[in-house]
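Number of protein chains: 2
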Amino acid sequence: MTAKNFLYAQSGGVTPVINASAAGIMHTARQYPELGAVYAARNGIIGVLREELFDTTSMLDEQVMALRHTPGGTFGSCRYKLKGVAESRAEYERLIEVFKAHDIGIFFYNGGGDSADTAFKISQMGTQLGFPIQCIGVPKTIDNDLPITDVCPGFPTVAKYVAIATMEASLDVMSMSASSTKVFILEVMGRHAGWIAAAAGLAQRQSGDAPQLILFPEISFDQPAFLQRVQRSVTEHGYCTVVVSEGVRDDTGKFLSDSGVRDAFGHAQLGGVAPRIAALIKGELGHKCHWAVADYLQRSARHIASRVDVEQAWAVGRAAVEFAAAGESGVMPVIERVSSKPYQWRIAKAQLSAMANQEKLMPRTFIDASGFAITQACRDYLAPLIAGEDYPPYRDDGLPDYLRPGQCPLLPQKLAKWTKTE
Amino acid sequence: MTAKNFLYAQSGGVTPVINASAAGIMHTARQYPELGAVYAARNGIIGVLREELFDTTSMLDEQVMALRHTPGGTFGSCRYKLKGVAESRAEYERLIEVFKAHDIGIFFYNGGGDSADTAFKISQMGTQLGFPIQCIGVPKTIDNDLPITDVCPGFPTVAKYVAIATMEASLDVMSMSASSTKVFILEVMGRHAGWIAAAAGLAQRQSGDAPQLILFPEISFDQPAFLQRVQRSVTEHGYCTVVVSEGVRDDTGKFLSDSGVRDAFGHAQLGGVAPRIAALIKGELGHKCHWAVADYLQRSARHIASRVDVEQAWAVGRAAVEFAAAGESGVMPVIERVSSKPYQWRIAKAQLSAMANQEKLMPRTFIDASGFAITQACRDYLAPLIAGEDYPPYRDDGLPDYLRPGQCPLLPQKLAKWTKTE
Chain A
981 MTAKNFLYAQ
991 SGGVTPVINA
1001 SAAGIMHTAR
1011 QYPELGAVYA
1021 ARNGIIGVLR
1031 EELFDTTSML
1041 DEQVMALRHT
1051 PGGTFGSCRY
1061 KLKGVAESRA
1071 EYERLIEVFK
1081 AHDIGIFFYN
1091 GGGDSADTAF
1101 KISQMGTQLG
1111 FPIQCIGVPK
1121 TIDNDLPITD
1131 VCPGFPTVAK
1141 YVAIATMEAS
1151 LDVMSMSASS
1161 TKVFILEVMG
1171 RHAGWIAAAA
1181 GLAQRQSGDA
1191 PQLILFPEIS
1201 FDQPAFLQRV
1211 QRSVTEHGYC
1221 TVVVSEGVRD
1231 DTGKFLSDSG
1241 VRDAFGHAQL
1251 GGVAPRIAAL
1261 IKGELGHKCH
1271 WAVADYLQRS
1281 ARHIASRVDV
1291 EQAWAVGRAA
1301 VEFAAAGESG
1311 VMPVIERVSS
1321 KPYQWRIAKA
1331 QLSAMANQEK
1341 LMPRTFIDAS
1351 GFAITQACRD
1361 YLAPLIAGED
1371 YPPYRDDGLP
1381 DYLRPGQCPL
1391 LPQKLAKWTK
1401 TE
Chain B
981 MTAKNFLYAQ
991 SGGVTPVINA
1001 SAAGIMHTAR
1011 QYPELGAVYA
1021 ARNGIIGVLR
1031 EELFDTTSML
1041 DEQVMALRHT
1051 PGGTFGSCRY
1061 KLKGVAESRA
1071 EYERLIEVFK
1081 AHDIGIFFYN
1091 GGGDSADTAF
1101 KISQMGTQLG
1111 FPIQCIGVPK
1121 TIDNDLPITD
1131 VCPGFPTVAK
1141 YVAIATMEAS
1151 LDVMSMSASS
1161 TKVFILEVMG
1171 RHAGWIAAAA
1181 GLAQRQSGDA
1191 PQLILFPEIS
1201 FDQPAFLQRV
1211 QRSVTEHGYC
1221 TVVVSEGVRD
1231 DTGKFLSDSG
1241 VRDAFGHAQL
1251 GGVAPRIAAL
1261 IKGELGHKCH
1271 WAVADYLQRS
1281 ARHIASRVDV
1291 EQAWAVGRAA
1301 VEFAAAGESG
1311 VMPVIERVSS
1321 KPYQWRIAKA
1331 QLSAMANQEK
1341 LMPRTFIDAS
1351 GFAITQACRD
1361 YLAPLIAGED
1371 YPPYRDDGLP
1381 DYLRPGQCPL
1391 LPQKLAKWTK
1401 TE
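Chains A and B are the protein sequences, given in the same order.
Convert by adding 980 to the 1-based position in the first sequence; the result is the number in the working numbering.
Convert by adding 980 to the 1-based position in the second sequence; the result is the number in the working numbering.
See below:
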């Protein structure tokens, strides 16, 4: 019997280190000559349905290693959630058909909670359809909201980026505040969980340091208390830095960013809670504000990656191959914290069924009584995650030497075109 | 006769490397034991008027060197433009009074065109009032709009940051575009001159690479042509990255960011051309967009400084002291480009009178015929400026070891309180 091949797919929003997990998988699989080839789906699960599979065997070892320091999802990701087997049986059958056609015995799905659910269903479906497939989940999400794992690969780099950006921009506004801008507002990602906003709190080395206020999605926006504290910071320190999660809501549960206003073109205004907070402060307190929205910049900032994050992203990739080689299925390698001081971690094994469709919010004990700052417990959790740097190499042109997408050919297709979905 | 002291002041918007110029001045002055002490005004020229002067002689050599890698303006800057001598005679007289009181013979003013003008006026005023003062300008501005100098310290780091951010975020949107976000919009600074937006063009290593479109303040916004090109990029590449200068205007000269809309709080919406472009694309083409506003993040991103920039910022500080030691006044050290390939530069000397109140816009030859991209001439000018990295040291907490403001005491005041202005 020939060795079965591996299929790797990226899912959902990408991270600065999702490719490091891909590299960990590819590099490790190459150490097992008795195993098959590694294929990678183009644009995630959509590429499997469409039978668009990259043959990564033609990638040079140095290209695989370059993946380790390249942000984005090099093979393409997708936002496409498979429903339950009952509703979407044809899709599951198509996946199995593609696996069969290319002799794929192991499927690695690199994603969050939805992907764990999908991978779990595929692992069961395969057995039912007489083509047993090993499904291994590989964790990633900047939202840090997966259960069981101590941390989600991708989050620590975003955390480091946000903490550094907060520290740097605060030095800027501090310089200007005597005669100009007094308040700086940084909007960060986190629709439901405030992990990323919390990470900005790491910039505060001493009491009174920026950020003076953090707005979490877990805490309803208390406008009077907020404005009072902004004013207090300006009075005491001369300036105020506010870090706001995109997901912050008022006490009726409505997103602050959902203003309902239309712009000059007559189009509904898209997102952006930072400009709203700036307008509020300017209007109520009269202070000049500057605001930034980090958006994708935070999610792709591989140039300032956390070394811990890169190592963990690589390690979950490597462990996925090792689990596969040991015959495992329906599992996901996760990060287990052994100790915080000194920081020690190891890979553990979780069941996909337990990872699926759960969202880990910040514990209330990680936000202080005021609702505007993190606690020491939160700091103890977050601090080790951003330790160490892992700079990408640079070219002579002054820019990182990131791997360009499109380094390997697609496998010849063997099946009829998939027309069912989309 | 005792040696005269130096007074250093920061002016206008700070840069990621303005402190490197301060460090260059302080370090160099310490090499001339025959010269006096270096004082630094708190919050720029306002601090001189208020007689709030830091005595930097107590700073340790390693603290001076830490300034070299610390963003923001450690001594405080200000937005405060002195008018002409006729209108503001009392202010000029107060400055001279403060110089006299602290035996200051040399004034270093680290700023842009306005500051060159002020320094020039002070240099003349001192002679008239019988207290000759040597005034030396030290260039800085992220806007890169000073005349004569080939480049303004501060700009190259912003350029490097913007080029890297564009490259990274484009890898992200490229990954997502098959099933989700198709357009990414990055808003950068540059109210009048498009230098910063142009720098994003360096991310384009090959034809077709991001950014596919740049919107410059020098070119009126052509909405139909813009939308057509966005759609073409989405069709050809699957995605589109747009970099937009905050100063882009319509054909009536009105800023696109000036929408006139009011938000849910009833306050006028502050700035933000990126969300407006996103709403336009979503409304007219139907594509899902993400947008980021870099604001202070770009201006304080010392963590990814251009090595060339740090060296030049230090060098203009050093040269300022050397000019002063040689008895010069009314001058500014500037950067002269000797060659682009290989990149060679040296310090030259410009007259402050020639630097004052002029704004160097991008040459039209730096923007291509379409109005949406840079030319090879622009690339040849910009490319060498972002070469090399100059990472700050990091602490164990995973954050840069930036110098905290407030490392030296204020000099005891000798004069009556200044009450005239503000």
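By construction, the Cβ of each residue, glycine as well, lies at the ideal position given by its N, Cα and C atoms.
Model, not experiment: these values are computed from the prediction.
- Task: Mind listing, in chain order, the continuous beta strand (DSSP E) runs of no fewer than 3 residues lying wholly within the stretch 1094-1160 of chain B?
- Result: As for any beta strand (DSSP E) of minimum length 3 sitting wholly inside the stretch 1094-1160 of chain B, the runs are 1114-1119, ordered along the chain.
- Please name the residues in the stretch 1271-1299 of chain A whose beta-carbon is closer than 9 Å to at least one beta-carbon of chain B, in chain order. Per Cβ criterion, the list reads Trp1271, Ala1272, Val1273, Ala1274, Asp1275, Tyr1276, Leu1277, Gln1278, Arg1279, Ser1280, Ala1281, Arg1282, His1283, Ile1284, Ser1286, Arg1287, Val1288.
- Counting along the chain, where does the beta strand (DSSP E) carrying A/Gln1324 start and finish? As a position in the first sequence, residue 1324 of chain A is number 344, starting the count at 1. Taken as a continuous stretch (DSSP letters only), the beta strand (DSSP E) holding A/Gln1324 covers 1324-1331.
- Give the range of the alpha helix (DSSP H) segment to which B/Cys1220 is assigned. Translated into the one-based positions of the second sequence, residue 1220 of chain B becomes position 240. Careful: B/Cys1220 lies outside any alpha helix (DSSP H), inside the beta strand (DSSP E) at 1220-1225.
- Item | Integer-rounded CB distance, given that A/Val1138 should sit under 8 Å from A/Ile1176 | Your numbering for residue 1176 of chain A matches position 196 in the first sequence. Your numbering for residue 1138 of chain A matches position 158 in the first sequence. Yes, A/Ile1176 and A/Val1138 are in contact; Cβ-Cβ is about 6 Å, under 8 Å.
- Item | Residue from A/Thr1161, A/Gly1024, A/Glu1369 with nearest C-alpha to B/Asp1376 | Within the second sequence, the letter at position 396 stands for residue 1376 of chain B. The candidate whose alpha carbon is nearest that of B/Asp1376 is A/Glu1369.
- Task: List the residues of chain B whose Cβ lies closer than 9 Å to the Cβ of A/Lys1063, in chain order.
- Result: For the purposes of this step, residue 1063 of chain A is taken as the residue at position 83 of the first sequence. Going along chain B, no residue has its Cβ under 9 Å from A/Lys1063, so there is no contact; the nearest lies around 15 Å.
- Task: Measure the alpha-carbon distance for B/Gly1188 versus B/Thr1345 and round it to whole angstroms.
- Result: Position 208 of the second sequence holds residue 1188 of chain B. Position 365 of the second sequence holds residue 1345 of chain B. The alpha-carbon atoms of B/Gly1188 and B/Thr1345 are separated by roughly 21 Å.
- Task: Alpha carbon to alpha carbon, how far is B/Asn999 from B/Gly1053? Give it in angstroms, no decimals.
- Result: Reading the second sequence from its first residue, position 73 is the one you call residue 1053 of chain B. Reading the second sequence from its first residue, position 19 is the one you call residue 999 of chain B. B/Gly1053 and B/Asn999: Cα-Cα distance of roughly 6 Å.
- Query: Does A/Ser1319 come within less than 7 Å of chain B when only Cβ atoms are used?
  - Reply: Reading the first sequence from its first residue, position 339 is the one you call residue 1319 of chain A. With 7 Å as the cut-off, A/Ser1319 does not count as an interface residue toward chain B.
- At which residues does the alpha helix (DSSP H) containing B/Cys1269 begin and terminate? As a first step, residue 1269 of chain B must be located in the second sequence, where it is residue number 289. Element bounds for B/Cys1269: not the alpha helix (DSSP H) but the beta strand (DSSP E), 1269-1273.
- Quick one: what does DSSP say A/Ser1320 is sitting in, helix, strand or coil? Looking up residue 1320 of chain A in the first sequence gives position 340. Assignment of A/Ser1320 by DSSP, reduced to helix, strand and coil, places it in the coil class.
- Under the three-state DSSP convention, the category B/Met1408 falls into: For residue 1408 of chain B there is no data in the structure shown, the boundaries of chain B being 981 and 1402.
- Task: Between the Cα of B/Lys1329 and those of B/Ala1336, B/Thr1355, B/Lys1321, B/Ile1315, spot the shortest distance and give me the residue it belongs to.
- Result: Counting from one through the second sequence, the residue named residue 1329 of chain B turns up at place 349. If we check each option's Cα against that of B/Lys1329, B/Ile1315 comes out closest.
- Message: Between which residues of its own chain and A/Ile1391 is the CB-CB distance below 7 Å, once the five residues before and five after are set aside?
- Response: The residue given as residue 1391 of chain A occupies position 411 in the first sequence. One detail in the question is off: residue 1391 of chain A reads as Leu in this sequence, not Ile. If we look at A/Leu1391 and ignore the five residues flanking it on each side, its Cβ neighbours are Tyr1019, Leu1033, Asp1035, His1082.
- Query: Which one of A/Gln1186, A/Gly1218, A/Ala1173 has the shortest CA to CA distance from A/Ile1199?
  - Reply: Position 219 of the first sequence holds residue 1199 of chain A. When each option's Cα is compared against that of A/Ile1199, the closest is A/Ala1173.
- Item | Closest by C-alpha distance to B/Pro1119, when choosing among B/Gly1110, B/Gly1106, B/Thr1107, B/Asp1094 | Residue 1119 of chain B sits at position 139 when you count from the first residue of the second sequence. Nearest of B/Gly1110, B/Gly1106, B/Thr1107, B/Asp1094 to B/Pro1119, Cα basis: B/Asp1094.
- Just by C-beta distance, which residues in the stretch 1142-1168 of chain A are closer than 7 Å to chain B? For the stretch 1142-1168 of chain A, the beta-carbon criterion of a distance under 7 Å to any beta-carbon of chain B is satisfied by Ala1143, Ile1144, Ala1145, Met1147, Glu1148, Ala1149, Leu1151, Asp1152, Val1153, Met1154, Ser1155, Met1156, Ala1158, Ser1159, Ser1160, Phe1164.
- Query: CB A/Ser1309 to CB A/Ser1103, shorter than 7 Å?
  - Reply: Translated into positions along the first sequence, residue 1309 of chain A becomes position 329. Translated into positions along the first sequence, residue 1103 of chain A becomes position 123. Yes; because the gap between Cβ atoms is below 7 Å, this pair is in contact.
- Inter-residue Cα distance where the pair is A/Arg1282 and A/Tyr1371: In the first sequence, residue 1282 of chain A corresponds to position 302, counting from 1. In the first sequence, residue 1371 of chain A corresponds to position 391, counting from 1. So the alpha carbons of these two residues sit roughly 8 Å apart.
- Contact with chain A by B/Gly1052, beta-carbon distance below 7 Å: Locating residue 1052 of chain B in the second sequence gives position 72, counting from the first residue. Under the 7 Å criterion on CB atoms, B/Gly1052 is classed as interfacial with respect to chain A.
- Message: Can you tell me whether B/Glu1014 is helix, strand or coil according to DSSP?
- Response: Sequence index remark: in the second sequence, residue 1014 of chain B carries index 34 (1-based). Coil.
- Message: For B/Gly1266, count the other beta carbons within 10 Å of its own beta carbon; 16 or more makes it buried, fewer makes it exposed. Which is it?
- Response: Here residue 1266 of chain B refers to the residue found at position 286 when the second sequence is read from its first residue. Under this definition B/Gly1266 is an exposed residue.
- Task: Using a Cβ cut-off of 7 Å (strictly closer), state whether B/Ile1315 contacts chain A.
- Result: Sequence index remark: in the second sequence, residue 1315 of chain B carries index 335 (1-based). Not a single CB atom of chain A sits nearer than 7 Å to the CB of B/Ile1315.
- Message: Using a Cβ-Cβ distance cut-off of 7 Å, determine whether B/Gly1310 contacts chain A.
- Response: Here residue 1310 of chain B corresponds to residue number 330 of the second sequence, with the count starting at 1. Taking 7 Å as the CB threshold, B/Gly1310 stays off the interface with chain A.
- Item | Below-7 Å beta-carbon distance, B/Lys1120 vs any chain A residue | Taking the first residue of the second sequence as position 1, residue 1120 of chain B is located at position 140. Using a Cβ-Cβ cut-off of 7 Å, B/Lys1120 does not count as an interface residue toward chain A, since no Cβ of chain A sits closer than that to its own.
- Neighbouring residues, chain A, relative to B/Asn1023 (Cβ below 7 Å): Position 43 of the second sequence holds residue 1023 of chain B. The answer, in chain order, is Ala1158, Ser1159.
- Message: Residues in the same chain with beta-carbon distance under 7 Å from A/Gly1170, minus the five sequence neighbours each way, listed in chain order, please.
- Response: Here residue 1170 of chain A is taken as the residue at index 190 of the first sequence, counted from 1. Around A/Gly1170: Asp1123, Ile1176, Ala1177, Pro1197, Ser1225, Glu1226, Gly1227.
- Query: How many Å lie between B/Cys1388 and B/Ile1354 at the Cα?
  - Reply: To locate residue 1388 of chain B, count along the second sequence from 1; it is residue 408. To locate residue 1354 of chain B, count along the second sequence from 1; it is residue 374. Going by the C-alpha atoms only, they are around 45 Å apart.
- Message: Does B/Leu1208 pass the burial test, meaning 16 or more other C-beta atoms within 10 Å, or should it be called exposed?
- Response: As a first step, residue 1208 of chain B is located in the second sequence; it is residue number 228 there, counting from the start. First, the residue type needs correcting, since residue 1208 of chain B is Gln and not Leu in the sequence shown. Counting the other Cβ atoms within 10 Å of the Cβ of B/Gln1208 gives fewer than 16, which makes it exposed.
- Task: Could you tell me how far apart the beta carbons of B/Pro1051 and B/Ser1280 are, in whole angstroms, since I believe they sit closer than 8 Å?
- Result: In the second sequence, counting from the first residue as 1, residue 1051 of chain B sits at position 71. In the second sequence, counting from the first residue as 1, residue 1280 of chain B sits at position 300. The C-beta distance from B/Pro1051 to B/Ser1280 rounds to 4 Å, short enough to fall under 8 Å.
- Query: Since B/Ala1183 meets chain A, which of its residues come closer than 8 Å, beta carbon to beta carbon?
  - Reply: As a position in the second sequence, residue 1183 of chain B is number 203, starting the count at 1. Those are Leu1379, listed as they occur along chain A.
- Taking the CB atoms as reference points, tell me whether B/Thr995 and B/Gly1134 lie closer together than 7 Å. In the second sequence, the residue the question calls residue 995 of chain B occupies position 15. In the second sequence, the residue the question calls residue 1134 of chain B occupies position 154. Yes, the pair counts as a contact, with Cβ atoms nearer than the cut-off.
- Which residue comes first and which comes last in the alpha helix (DSSP H) that contains B/Gly1297? In the second sequence, residue 1297 of chain B corresponds to position 317, counting from 1. That run of the alpha helix (DSSP H) goes 1287-1305.
- Message: Taking 7 Å as the limit between beta carbons, can you name the residues of its chain near A/Val1273, skipping five residues before and five after?
- Response: The residue given as residue 1273 of chain A occupies position 293 in the first sequence. Take A/Val1273, set aside five residues on each side of it, and the residues of its chain with a beta-carbon closer than 7 Å to its own are Glu1167, Gly1252, Ala1254, in chain order.
- Message: In this structure, how does DSSP classify B/Pro1051 when only helix, strand and coil are distinguished?
- Response: Start at 1 with the first residue of the second sequence, and residue 1051 of chain B comes out as number 71. Coil.
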